[in-house]
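Below is one structure, written out as structure tokens, with a few remarks after it.
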Amino acid sequence: MRGGSNLLMTPAEAAVELGVTKRVLMDSYRRWGIPYLKVGKHVRFRTRDLHHWVDARMRAD
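Be aware that the sequence shown starts at 4, since it is given in our numbering, and climbs by one per residue.
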């Protein structure tokens with residue numbers, strides 16, 4: 004994927020994208036090293052960052 008989207012996803016949307024529950028994502032995103040942004044007190048995930056993170060994990064295996 005080249006470039007990617009700057010759209011921000013909620014944790015629920017990001018969890019669906021990753022195929023995990025929102026609870027698993029929120030318990031693990033820091034430990035997994037998933038890039039995130041804080042918007043006020045809310046955690047958001049940039050679409051392109053999430054896709055790049057997944058791509059990097061797939062290449063590492």
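Using N, Cα and C, we set each Cβ at its ideal position, and we do this for glycine too.
**Asked** Distance, Cα to Cα, ARG60 vs PRO38?
**Response** Approximately 13 Å between the Cα atoms of the pair.
**Terminal residues of the beta strand (DSSP E) in which LEU40 lies** = Note, LEU40: beta strand (DSSP E), 40-42.
**Asked** In whole angstroms, what is the alpha-carbon distance linking ARG47 and MET12?
**Response** 6 Å
**Prompt:** Can you give the beta carbon distance from ASN9 to ARG49, rounded, assuming they're within the 8 Å contact cut?
**Reply:** 6 Å
**Prompt:** What is the DSSP secondary structure of MET4, counted as helix, strand or coil?
**Reply:** Confidence at MET4 is low in this model, with a pLDDT of 43, below 50, so its placement is unreliable and the value that follows should be read with caution. In the structure shown, the three-state DSSP call for MET4 is coil.
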